[in-house]
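Report on one structure; see the data block that follows.
Protein chains in written order, with the numbering used here: chain B, 282 to 732; chain H, 19 to 310; chain R, 256 to 505; chain X, 17 to 351.
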C-alpha cells in the first residue's frame with residue numbers, strides 16, 4: 282500500500298510552474314497553415330446557435346464563453362470563413378430563461394432558425410436537459426461547460442451529435458481534494474458550503490470520496506446548501522464557524538462567490554480555517570477584488586487560468602490572452618478558452634473532413650474527425666475521447682496571490698498544481714456508476730491511505 | 019453561547035428585511051385591499067438603485083459620506099410608487115380582484131425587465147459600505163457591524179411605522195380609510211390622497227429593504243420574485259393586512275430559516291414552507307388575520 | 256301541530272338584543288305577517304330560522320324536530336325557504352336559469368356533471384310553468400340582472416317558491432318598488448301561496464297589504480314579540496301602534 | 017361594460033358547436049402535414065397548456081375562484097410521470113396519465129379542502145402559498161426530485177407501441193405524439209364542455225354569481241367548490257403529464273409561482289368568461305411567448321405590457337372581444 286506522497290506522485294500530481302511540453306502525434310493547433318479546400322464549398326453562412334447566460338447572476342461566467350466563441354469566429358471569418366467560404370454567424374440565446382424555455386429555444390434554433398450547430402451552456406442543470414434534445418434534433422453540438430458527469434453517464438450514454446469541450450465535472454471536486462491532501466494533510470475536520478444544484482452536489486461527492494481515500498481521518502462536520510444565485514450567506518457562514526472545522530470546501534462561483542467571500546471576510550472566516558474552492562478564481566478573473574485573502578486553494582474548474590501555461594513557454598496562450606484583452610478589455614476565463622478552443626476544434630474537424638470527402642463535409646464526417654481529436658489550444662492539449670465525446674485536458678488548480686501586475690488576485694505562479702486528467706477520471710469501458718462513473722471508479726480502485 | 023447570539027443576529031437581520039418588504043405589502047393591502055404582486059420588484063429596484071449610486075456613480079470613493087446615499091433606492095421606489103398608484107392601479111379598484119392581481123402581475127414582468135434595462139444584467143454590489151463598517155467581537159466570534167445597522171434600521175422602521183399609524187393624525191385617517199373607505203370619504207377624507215400616500219409608504223419600505231441589504235449582499239436579477247414569495251409566507255403566517263402580523267411573521271420566518279439552515283441543511287427552504295403550510299391548515303387567516 | 260316553533264330564541268349583536276328570548280309559533284297553512292319598526296328584529300328572526308345566523312341560545316323546532324344546529328342545506332331539505340329583502344339573484348344567468356337552478360337543486364340533480372342540463376326536460380317545463388304563474392314567462396331568456404326591480408322582486412320569490420317549501424319566508428317582497436306596483440306583486444304572490452296552501456311568513460311595512468293578505472299578525476319590538484293576533488285584534492292594539500308607528504301616530 | 021351571457025342553458029343546440037368545431041378539428045388533424053415540424057410542436061405545447069387552462073378556468077370562469085397556485089397541479093402531473101419512470105420504470109403513456117390523475121386527485125383533495133373554505137384574495141394567496149410548498153420540496157429533496165436539475169423522461173410508449181416511427185424523435189413528436197395529445201385534448205374539451213353545461217356546471221355558476229343565494233337554493237357550496245377544485249386540478253395534472261414527454265424533463269420551474277401567473281395570463285388572454293377562451297389563450301400565449309423570447313431579451317416586459325393593456329382595454333379577452341364585435345356587426349345588442 283503506497284503512502285500518500287507516493288500515491289500522489291503516481292497520480293502525477295505536481296506542483297510546478299511549467300507549461301505543457303510533449304507533443305503527441307497528430308496534434309492539431311491553431312497556428313496551422315490554411316490549405317486550399319477540396320471541392321466546391323457553398324458560401325452560405327455557417328450558423329451557430331450560442332446559448333449561455335447573458336443575464337442574471339450566471340452572466341459573469343456565461344458572457345466570456347460567448348466572447349471566446351466570437352473571437353474565434355472573427356479569426357476564422359477574417360480568413361474567409363470555414364474552408365475559406367462559410368462565414369460563421371452566431372445567434373445568441375439566453376440560458377437564463379430557465380431549463381424548460383431553453384429546450385424550446387434549442388428546438389426553435391434548429392427547426393425555425395435552421396442553425397448548423399449549437400454551442401454554449403454554462404449550467405450543469407442544462408446540459409442533461411439539452412443533450413437529449415440535441416440528439417433528437419440531430420444537431421451537431423459542442424457544449425462548452427455544463428460539464429456534469431451525468432450528461433454522458435446517464436442522459437446521453439452513447440452520444441452521436443453532442444460533444445463537450447471543458448473538463449468533466451468530477452475532476453473539479455477530485456482536483457480540489459487532491460490539492461488539499463497534498464497541501465494540508467494535517468486537517469482533521471472540514472465543512473461544506475455548496476450551491477444546491479447539480480454542480481454543488483457533484484463537487485461534494487467527489488471531494489468526499491477522494492478525501493476519504495487520501496485523508497481517512499478527516500471528518501466532515503458541517504454542510505450548508507444555499508440556493509444557487511443567493512446573495513445572503515450569513516447563516517451558512519455562521520453555521521460553518523460554529524462547527525470549527527480546519528478546512529472549508531466550497532464550490533460557490535460567480536456572483537455567489539463574490540458575495541460569499543466579502544461576507545466571510547467580515548465574519549473573520551478566513552482567519553479561522555483553511556479554505557479550498559473549486560471555482561473561486563474561475564469566474565471572470567477581475568470579478569474578485571484584492572481584498573480576497575491569499576493562500577486560498579482557488580479552483581478554476583480544474584480547467585484553465587489565463588496565467589498558465591505561462592506566456593513564453595506556450596505562445597498559443599500568450600497570443601490568445603493578448604487578443605482577448607485587446608478586444609474585450611478583460612482577461613479570459615476557462616469558458617472563454619473553452620469556447621475559443623471549441624470553435625477552432627470545429628474548424629480543424631471541418632478541414633480534415635473536407636480533405637477526406639471533398640466539398641462541404643456532412644455532419645457525420647465532421648463527427649468522425651472530432652472523435653479522438655487531439656488539439657493544442659491556449660490551455661494546453663485537449664483530447665476528445667471518442668467513446669463519450671468528452672474533452673479532456675490536464676486539471677489544474679492553485680493558490681490565490683496578489684501580484685503588482687494585475688488589479689485582482691491570480692494563481693500563485695510558483696505553486697500551480699497540475700494533474701493528468703486520465704488519472705482522476707474513469708477510463709473508457711468503466712461501467713456507468715452512481716452517482717458518477719468516476720466516483721465508483723475512485724471508490725473501487727484507489728488505495729486507502731493510512732492516516 | 020456566543021454562537022447563539024450570532025444566530026440570533028442572523029435571524030434578526032433576515033427578519034428586519036422581510037418585515038420591511040412584507041410590512042409594505044400588508045400596509046398596502048390593509049388600506050387599499052390590493053395585493054401588489056410587483057411589490058418584490060420595488061425591493062429589487064431599491065437594491066439596484068442604491069448599488070448603482072454607491073457602486074458606480076461614486077465608484078472608488080471611500081468616504082463615510084457614502085452612507086448618505088443609502089436611501090437612494092428607497093426614495094426611487096417611493097417615487098415610482100407615487101406615480102404608479104394613480105396611473106396604473108387606480109382604474110382597477112372598482113374591478114374584480116382577478117384584474118387587480120393581473121395588472122400587478124403584468125407590472126411585475128415589466129419592472130423585472132426595466133431593472134435589467136436600466137441597471138444592466140449583471141449583479142451589482144455596494145460592498146464598500148459593508149467593508150467600511152467593519153466587524154465587532156461577539157465573544158470568540160466576529161460579526162459585521164453593518165448587519166447590526168440593518169437590524170437597527172428594521173427595528174426603527176417598525177417603531178416609526180407604529181408611531182406613525184397609532185400616534186399621528188394621518189394615522190387616524192389611514193386607519194379610518196382602511197376600515198371603511200366609503201364612510202371615511204363621506205367624512206371628508208380625500209381617499210385618493212390617502213391611497214397614494216399609503217402606496218408610496220409601502221413602496222418606500224420595500225425600496226428601503228433593498229437599499230439597506232445591498233451593501234452586505236448584492237443585487238441580482240430575480241431577487242424580487244424570490245422576495246415576494248417569502249413575504250407571502252410572512253403575511254400568510256402573520257395575516258394579510260396586519261402590520262403586527264408582518265412583524266411577528268418576519269421574526270418567525272427569520273428564526274425558522276436560521277434553525278433550518280443549521281439543523282436541516284438539506285431542506286432549509288422546504289422547512290419554511292412546510293411551517294407556513296402548517297399555520298395555514300390550522301389558522302388559514304394567519305395569526306393576526308381577519309379572514310373574509 | 257305547529258309547523259314551526261322557537262323557544263327562547265336569542266341573538267345578541269354586541270350589546271344589542273336583536274332577538275331576545277322569542278317564542279314564536281306558526282301553524283300549518285297560516286299566512287303570518289311579521290311587523291315592527293326598523294331594528295325590531297324581524298329580519299334577524301328570519302335569518303335565525305332560515306340558518307343565515309346562528310342563535311346564541313334557544314331552540315328552533317320544525318315539524319317537531321330540533322333544527323337549531325342544522326345547516327342551511329338541512330333546513331332547505333326539511334322545507335324552509337326564503338326570499339330576500341335586497342334582491343339576491345344570479346344576475347349573470349337568465350331568468351329561466353334562476354328558477355331552473357332551484358328545481359335542479361331541489362331534485363338533487365345538481366350533482367350530475369355527466370348529463371347536459373339541457374336534457375332534463377321536466378325541469379325546464381316546470382321552470383316555464385312557474386315563470387308563467389309569476390307572470391315572468393316573457394322575460395325568461397333575459398339576464399336576471401337586466402329586468403325591472405318589480406320583476407326582480409317577483410323572481411326572487413319565484414326562486415324560493417320553486418324549492419316547493421313547506422314554510423316560506425318572504426322578507427319585504429315589495430320593498431324598493433313603487434307603491435303602484437306593490438298591490439299587483441302581492442296579488443300574484445298571494446294567489447300562488449293560497450292556491451298551493453304554502454305556509455308563509457311575510458315581513459312587511461305596508462299596513463294595507465298586511466291587513467289584506469295575512470291571517471295573523473305578529474308584532475316585534477326591540478327584539479321581543481309584543482303582540483300576536485288576527486288583523487282586527489292588532490288593529491285596535493294601542494301598544495302596537497306606539498311601538499310600530501311611534502306615539503305621535505296615535 | 018356589456019356582459020355577454022355565458023350560458024343560456026336551454027335550447028343550446030350542439031349542432032351550432034359542430035359548425036365551427038369540425039373544420040377546426042380537421043385543420044388540427046392535417047396540421048403536421050401542412051406546416052413545418054417546429055410549428056406542429058408549438059401547437060402541441062399549446063394544446064397541452066389549453067387542457068391546463070381549461071381546467072383552471074372551471075375555477076375562475078365558472079366558480080369565481082382565482083387560483084394563483086395551479087402550477088402545483090401541473091407540476092404534480094409532471095413529477096408523477098417522472099417518478100413512475102424513475103422508480104417503477106414505467107414506459108406507457110396511458111399509465112402515465114392514470115398516475116397523473118391519481119396523484120393530482122390526492123393533492124387537489126388535500127389542498128382543496130384547505131382552500132375552498134375561503135374565497136377572493138384569501139383563496140388566491142392560499143393556493144399560491146400551498147403551491148410553493150411543493151416547489152420547495154421539489155427544489156430541496158435533491159435525492160428524490162433531482163432538485164433544480166429535474167428529472168428526465170424518455171420517449172414513452174403510446175398505446176403499448178414502442179416509438180412507432182423509429183428513432184426520429186422529432187417525427188415522433190410531430191406525428192405520433194401530436195395526435196396523441198390531440199386526442200386527449202379533444203376528450204378533455206368534450207368532458208369539460210359536458211361538465212360546464214351539466215346541472216353541476218350550472219350550480220357552479222350560480223355559486224360564482226351569488227354565494228348566499230346559492231346556499232339558499234340548497235347548494236352545499238363548499239362541496240361544490242371542492243369538486244370543482246378537484247376537476248380543475250386533475251385537468252391541469254393531465255396537462256402536466258402530457259407536457260413532460262414533449263419537454264423531455266421536468267424541473268421545479270413549473271412549480272414556481274410565476275408559472276401559475278402564466279396560466280392565469282392565458283385564461284385572461286383568451287377570455288375567461290367563454291368556454292373557448294382558455295383554449296385560444298393557451299395557444300396564442302404559447303406562440304407569443306416563444307417568439308417574444310426569440311425576438312428580444314426583454315420578452316418579459318413585452319408580455320407584461322400585453323397583459324396590462326389586455327386587462328385595461330380588452331378585459332373579455334380575445335374570444336370575448338370577437339364575440340362582442342360579432343354581436344355588434346350583426347346589430348344585435350346584448351342586454
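Note that beta-carbon positions come from the ideal geometry of N, C-alpha and C, so glycine has one too.
Beta-carbon separation (whole angstroms), residue i vs residue j, contact threshold 8 angstroms
| i | j | result |
| --- | --- | --- |
| residue 656/B | residue 629/B | 7 angstroms |
| residue 279/H | residue 159/H | Incorrect: roughly 16 angstroms between the Cβ atoms, too far for contact. |
| residue 247/H | residue 65/H | The pair is not a contact, with the Cβ atoms about 17 angstroms apart (cut-off 8 angstroms). |
| residue 783/B | residue 448/B | Residue 783/B lies beyond the residue range present for chain B, which begins at 282 and ends at 732; the question has no answer from this structure. |
| residue 255/H | residue 305/H | 6 angstroms |
| residue 120/H | residue 284/X | 6 angstroms |
| residue 529/B | residue 490/B | So it is not a contact: roughly 18 angstroms between Cβ atoms. |
| residue 542/B | residue 573/B | 6 angstroms |
Backbone CA spacing between residue i and residue j [nearest angstrom]
| i | j | result |
| --- | --- | --- |
| residue 397/B | residue 314/X | 26 angstroms |
| residue 261/H | residue 250/H | 13 angstroms |
| residue 274/R | residue 316/R | 17 angstroms |
| residue 306/X | residue 59/X | 11 angstroms |
| residue 391/B | residue 170/X | 20 angstroms |
| residue 367/R | residue 216/X | 5 angstroms |
| residue 729/B | residue 671/B | 28 angstroms |
| residue 373/X | residue 402/R | The requested residue 373/X does not occur in the structure, where chain X is confined to residues 17 to 351. |
| residue 450/B | residue 705/B | 11 angstroms |
| residue 627/B | residue 598/B | 19 angstroms |
| residue 194/X | residue 84/X | 29 angstroms |
| residue 93/X | residue 255/X | 7 angstroms |
| residue 207/H | residue 51/H | 17 angstroms |
| residue 242/H | residue 62/H | 5 angstroms |
| residue 336/B | residue 178/H | 38 angstroms |
DSSP-derived helix/strand/coil call for residue i
| i | result |
| --- | --- |
| residue 41/X | helix |
| residue 217/R | This structure leaves residue 217/R out entirely; chain R is present only between 256 and 505. |
| residue 419/R | coil |
| residue 713/B | coil |
| residue 330/X | coil |
| residue 598/B | helix |
| residue 400/B | strand |
| residue 497/B | coil |
| residue 306/B | Bear in mind that a pLDDT of 42 at residue 306/B, under 50, signals an unreliable position, so the number given afterwards is only what the model happens to contain. Coil. |
| residue 671/B | strand |
| residue 682/B | strand |
| residue 367/B | strand |
From the options, residue whose alpha carbon lies closest to that of residue i
| i | options | result |
| --- | --- | --- |
| residue 144/H | 285/H, 234/H, 238/H, 47/H | 234/H |
| residue 286/X | 65/X, 224/X, 45/X | 65/X |
| residue 90/H | 52/H, 152/H, 227/H | 227/H |
| residue 340/B | 140/H, 162/H, 174/H | 140/H |
| residue 465/B | 578/B, 346/B, 683/B, 639/B | 578/B |
- Task: Tell me, please, whether the region 38-50 of chain H touches the region 252-267 of chain H by the rule of three or more beta-carbon pairs shorter than 8 angstroms.
- Result: yes
- Tell me, please, whether the region 609-618 of chain B touches the region 571-590 of chain B by the rule of three or more beta-carbon pairs shorter than 8 angstroms. yes
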